[in-house]
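Position one of the sequence shown corresponds to residue 71 (the numbering used here), numbered consecutively onward.
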Amino acid sequence: MVTEGPALLDARRARQVAEQVPDPELPMLTLADLGVLRDVEVAADGTVVAGLTPTYSGCPAMAEMRADVAARLREAGYPRVEIRTVLDPPWTSDWITEPGRRKLAEHDIAPPGAAPRGPVPLVLSPTRPAVPCPRCGSADTEETSRFAATSCKALWRCRACREPFEYVKEI
71 MVTEGPALLD ARRARQVAEQ VPDPELPMLT LADLGVLRDV EVAADGTVVA GLTPTYSGCP
131 AMAEMRADVA ARLREAGYPR VEIRTVLDPP WTSDWITEPG RRKLAEHDIA PPGAAPRGPV
191 PLVLSPTRPA VPCPRCGSAD TEETSRFAAT SCKALWRCRA CREPFEYVKE I
């Protein structure tokens, strides 16, 4: 990792390029908004090394994310690019930035609440978070399907405005 001079400026520029890559499943978000872009460094030999964390184990979008980050960096003039998968610490929906949460809501997708902390209580019936409608703000909503177009989203319906919407699950 380079920590001074022109190389540091080059690392900042490489990070700015990587931060603009859109998520393949939620294209209104960048990988930085989603919190999966962990780091971008320029090695002594000029190789740009970007670290990505999957949102969950087996996320099918990871291959596309890696390819998109590498392509954008090469297009920006970095011929040597390495994409690393960073698993520790694991991603949490708390890493979605405030601008990312706002973008989700602007696209009628309810952003996740706070991820669970500490011991998870054992309950015998399913518990569901209160998810406000991203269109009208009503809390009178119901889950219609635990899974939506992707595994990280669920389908919900607002009883007030009667509109369906997607919800990004807490992890």
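Positions of the beta carbon are idealized from the N, C-alpha and C atoms, including for glycine. Owing to the predicted nature of the structure, the values given are computational and were not obtained by experimental measurement.
| query | result |
| --- | --- |
| Compare the C-alpha of V110 against each of I153, A184 and L174 and name the closest. | I153 |
| Got a sec: does the ligand PLP put a non-hydrogen atom nearer than 7 Å to the Cβ of L96? | The ligand PLP is not part of this structure, which contains no ligands at all. |
| Which residues in the same chain have their Cβ closer than 7 Å to the Cβ of D178, if we skip the five residues on either side of it in sequence? | P204, R205 and F235 |
| Note down the Cα distance separating L99 from T123, rounded to an integer number of angstroms. | 15 Å |
| So if DSSP puts V110 in a beta bridge, which residue, or which two residues, is it bridged to? | A120 |
| Leaving aside the five residues before and after D93 along the sequence, list all residues of the same chain whose C-beta is less than 8 Å from its C-beta, in chain order. | L99, T100, L101, D103, L104, V106, A131 and M135 |
| So is Y148 buried or exposed if we call it buried at 16+ other beta carbons inside 10 Å? | buried |
| Measuring alpha carbon to alpha carbon, tell me which residue in P189, P169 and V139 is nearest T155. | V139 |
| Cα-Cα, which of W165, G170, L174 and A175 is closest to A184? | W165 |
| With E134 as the anchor, note down where its alpha helix (DSSP H) starts and where it stops. | M132 to E145 |
| Return the residue from the list R171, R150, A200 and E89 that minimises the CA-CA distance to A113. | R150 |
| Near G75, which residues of its chain fall below 6 Å by C-beta distance, leaving aside the five closest residues on each side in sequence? | Residue confidence for G75 is low, a pLDDT of 47 falling below 50, so the modelled location carries little weight; the figure read from the coordinates is stated next. Within the same chain, G75 has no close Cβ partners at all. |
| Quick check on DSSP: helix, strand or coil for E213? | strand |
| Between P234 and chain C, is any beta-carbon pair separated by less than 8 Å? | Chain labels in this structure do not include chain C; a single protein chain is all it has. |
| Locate the alpha helix (DSSP H) running through E168, then write down its first and last residues. | E168 to E176 |
| Ends of the beta strand (DSSP E) at A200? | Note, A200: premise wrong, no beta strand (DSSP E); not H, not E. |
| Going by alpha carbons, who is nearest to A180 out of W161, A209 and L157? | A209 |
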